[in-house]
Each structure stands twice: as C-alpha cells, then as structure tokens.
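Participant: Per UniProt numbering, the sequence shown starts with residue 1, numbered consecutively.
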Amino acid sequence: MKSNKSRLWDEELKCLFLRQRSSAILDSFIRLVCEYKPYTEEAKSIMRVSRKRLGDYRNKLNTSIAKLVQEFKELKQREQQRVPALPSQSSIDQYIDEAVVAKKILQRYIASTNEAELKRNGSFIKLVQFIRECFKIHYRNKDVKKVKELDALTKDLFIPSRSGRNLASSLVLE
C-alpha cells in the first residue's frame, strides 16, 4: 500500500473503531478506503492486518478500562472509603470525565479525528458515555462479550477524520 493510502487507512480504521469494534464491516471498509476489490491478494492482506489491528485496539481499550477500574478501587481504599459493589452513576461520571476519556483511554484514536468537530457534533459525549458503560462492565467482572454489545451506543456516530475524508463515518453499520 502506498504511504498516503496507508496513512488514510490507519486514520480511518481508528475512526471506524470509535464507531464499531467488530471486524464485520471490514470488507466494505477496505473497498472504500483502499479501493481494493474483495478477495484479491491485496484485499486479503490488508484484511488480515486490519483484523489484527482492530483486535489490538479492543485489547488495549479493555486493558485501559480495567486499569481505570483498579485505580478507582485503589483511590477509594487510600481515601479509606469502602469499595462499593458498583459505584453510583454520579461517582462514575465524576471519575470518568471528558479529560480522562480523551487523555487516558481514547487518546490514540482521538488523535485521528477532527477533535473540535467531534465535540461540536455531540459524538464525543456519546464516546464518554460508552467508556462509562464499559467501566461498569469491567467493574463487576471483565466481560468482553458485554462490552461488544455496547457497539449499539456508538454505531450511528459521525466520527470526523483528521483528513476530512470521513470515510469510516460514511459506512452504514448494522
């Protein structure tokens, strides 16, 4: 893949990840972004890399959230507060604000977006809600399957890409 196309693919894959963490849409994504016909050697190769990359993104997301849960529990212990079975929504909202999401959890993906537009169009707030819901799931017991079900919260978001091409947002997700 040429370097311009490679950069575009990387940027748009991160934007796609913010909308949906499943690899089910990758055929359409590769056809749109890379302009490869399905089942060609180039498409198969980029499909393998894309699946691996999405898997890495999912693992890093889950690891970051699990770390956030651990930090929250340690903070409560340091403050000599009881560690609740599940924190209140207001506690979660206070602990996981926009800055935490942008700087600790989604920083590598947000960097591929037009962040000002992401905030202006309301998508960033939905991403914060998504992270808070992931936090609740990980707080109880790490359940990756339940986290995957949260794609419904983000699949309709418009995630503006840094380049302005917005290809990942043009895909229709089911």
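The beta carbon of each residue, even a glycine, is placed where N, CA and C say it ideally should be.
A quick note: this is a predicted structure, and the numbers were derived from the prediction, not measured.
Within this structure, are the beta carbons of E35 and L167 separated by less than 8 Å?
Facilitator: Not a contact, by the Cβ cut-off of 8 Å.
Participant: Going by C-alpha to C-alpha distance, which of R51, E115, L32, S45 sits closest to A24?
Facilitator: Taking only the C-alpha atoms, the option nearest A24 is R51.
Participant: So for S161, helix, strand or coil by DSSP?
Facilitator: Looking at S161 - three-state DSSP - the assignment turns out to be strand.
Participant: At the level of alpha carbons, what is the spacing between F17 and D97?
Facilitator: Rounded to the nearest angstrom, the two C-alpha atoms are 20 Å apart.
Participant: Between the C-alpha atoms of E71 and L26, what's the straight-line distance to the nearest angstrom?
Facilitator: The alpha-carbon atoms of E71 and L26 are separated by roughly 34 Å.
Participant: In terms of alpha-carbon separation, which member of E42, V100, I105 lies closest to T63?
Facilitator: Nearest of E42, V100, I105 to T63, Cα basis: I105.
Participant: Buried or exposed for A43, going by 16 or more other Cβ atoms inside 10 Å?
Facilitator: By the 10 Å Cβ count, A43 comes out buried.
Participant: DSSP state of T113, grouped into three classes?
Facilitator: Correct three-state label for T113: strand.
Participant: Alpha carbon to alpha carbon, what distance is there between S22 and R53?
Facilitator: Answer to the nearest angstrom: the Cα atoms are 11 Å apart.
Participant: Rounded to whole angstroms, what is the Cα-Cα separation between T40 and R48?
Facilitator: Between T40 and R48, the C-alpha separation is close to 12 Å.
Participant: Label K14 either buried or exposed according to how many other C-beta atoms from any shown protein chain fall within 10 Å of its C-beta, with 16 as the threshold for buried.
Facilitator: It is buried - the Cβ of K14 has at least 16 other Cβ atoms within 10 Å.
Participant: Measure the CB-CB distance between L157 and R19 and report whether it falls below 8 Å.
Facilitator: It is a contact, given that the beta carbons lie within the stated cut-off.
Participant: On the criterion of 16 or more Cβ atoms from any shown chain inside 10 Å, does P84 qualify as buried, or is it exposed?
Facilitator: P84 comes out exposed.
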